[in-house]
Amino acid sequence: MLREKIFKDNRSAYPTEHQLPIYNLLTLNHSMVPKIVEYNDKKIIYEYVEGIPLKETDMKSVEDMMWVLSKCMDFMNTLTRVKNKDLFLFAEDIHSLNLIVTPDKQLKIIDLDQIGFYQKKDVYRYLNRNYFYIVDFFRCRNYS
37 MLREKIFKDN RSAYPTEHQL PIYNLLTLNH SMVPKIVEYN DKKIIYEYVE
87 GIPLKETDMK SVEDMMWVLS KCMDFMNTLT RVKNKDLFLF AEDIHSLNLI
137 VTPDKQLKII DLDQIGFYQK KDVYRYLNRN YFYIVDFFRC RNYS
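Count the sequence shown with our numbering and you get residues 37 to 180, in order.
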């Protein structure tokens, strides 16, 4: 089964630096990225990820939080190793609805249309925001 994501905007109108990210994502072969079947400037089609969004799980322990954060940090670190001139590859939309916990206890990320090349200052801003979203998700659950 495939899942199709239609981009909210027209990537062909972006500068050239923003048209390359999905290709770079394909070459990473990261465990959190679902298999991408097809993509172009209007859509991305990737394998359906069986599982439930992190937000709908019963995860609330400190160990759970550390597991999720370490997986996300590994993914973000892998992305930022890909550079285009002075820009870093980064996914800015990582939160508890876009993180899927699979039946075999893996973590996958969906909704990859907001991946792009960003300046270092923007990477720091998005990294802080994503980190806050995930920590706040666990904080609101009164983790133990």
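Glycine included, each C-beta is placed from N, C-alpha and C at the ideal position. Predicted model, so just to flag it, every value in this text is computed and none were measured.
I need the DSSP call for residue i, collapsed to helix, strand or coil.
i: Leu64; result: helix
i: Arg177; result: coil
i: Val69; result: coil
Smallest Cα separation from residue i: which of the options?
i: Thr138; options: Arg117, Leu62, Pro70, Arg175; result: Pro70
i: Val85; options: Leu143, Asn65, Asp122; result: Leu143
i: Tyr169; options: Ser132, Arg161, Leu62, Asn113; result: Ser132
i: Asp140; options: Ile80, Leu64, Gly87, Thr63; result: Gly87
i: Asn65; options: Met102, Asp110, Asp158; result: Asp110
i: Arg177; options: Asn164, Glu92, Ile58; result: Glu92
i: Asp147; options: Asn134, Asp158, Leu61; result: Asn134
Grab me the residues of residue i's own chain with a C-beta within less than 7 Å of its C-beta, minus the 5 sequence neighbours each way, in chain order.
i: Lys119; result: none
i: Glu74; result: Ile81
i: Asn164; result: none
Leaving out five residues on either side along the sequence, give the residues of the same chain with a beta carbon under 8 Å from the beta carbon of residue i.
i: Lys107; result: Met68, Leu143
i: Leu123; result: Glu53, Phe153, Tyr154, Gln155
i: Leu105; result: Tyr167, Ile170, Val171
Beta-carbon within less than 6 Å of residue i's beta-carbon, same chain only, minus the 5 sequence neighbours each way: which residues are those?
i: Leu115; result: Leu125, Phe126
Checklist entry - What are the start and end residues of each continuous beta strand (DSSP E) run of 3 or more residues lying completely inside the stretch 72 to 158, in chain order? => result 72 to 75, 79 to 83, 123 to 127, 135 to 137, 143 to 145, 151 to 154
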